[in-house]
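Undergrad: Got a structure for you, questions after.
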Amino acid sequence: MICIYVARQRYDAYLVADRMNQAGIRAHVFNEHASSIAGDLPPDVVQPQVWLADDNDVPRAQALLRSMEADAQRTTPLYCRHCGEQSPGNFELCWNCGAAIG
Ligand SMILES: [Zn+2]
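Numbering (the working numbering) for the sequence shown: 11 to 112.
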């Protein structure tokens, strides 16, 4: 297991893990709920993290991350009218509640 990515937003971690899994890379999100239970821990300790099951996938995962970062710069985040969570501009459904957005 190896941590490949530390996300600033929960949706960001899920987006990365989803893309990894779609590409055949086994990825998991950790710390997704840590911010609610962590209390006094500094933010960088409780940010959502994406971990790879197989260390050999690191080069492919890093290439995927770079292409995702390039994509992200072309999209504007959207806010769900149902639950208020932020989703990437290329999402059609809210990652959090499944409501249609955009
Ligand atoms: Zn929502």
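No residue lacks a Cβ here, since even glycine has one placed at the ideal position from N, Cα and C.
(1) Between P87 and the rest of its own chain, which residues show a CB-CB distance below 8 Å, the 5 nearest in sequence each way excluded?
(2) Given 8 Å as the limit, is there contact between the region 21 to 34 and the region 54 to 73, that is, 3 or more CB pairs closer than that?
(3) For D107, I'd like the list of residues in its chain whose CB is within less than 6 Å of its CB, leaving aside the five on either flank, ordered along the chain.
(4) N90: beta carbon under 7 Å from a heavy atom of ligand 1?
(5) With a threshold of 16 other CB atoms inside 10 Å of the CB of V68, please say whether the residue is buried or exposed.
TA: A quick look at the data gives this:
(1) These residues qualify, in order along the chain: Q96, S97, P98, G99.
(2) With a cut-off of 8 Å, the region 54 to 73 and the region 21 to 34 count as touching, because enough Cβ pairs lie within range.
(3) The sequence given here has Cys at residue 107, not Asp. Around C107: H92, C93.
(4) Correcting the residue identity first, residue 90 is Cys in this sequence and not Asn. Short note on C90: C-beta closer than 7 Å to some heavy atom of ligand 1.
(5) The residue is exposed, with fewer than 16 neighbouring Cβ atoms inside 10 Å.
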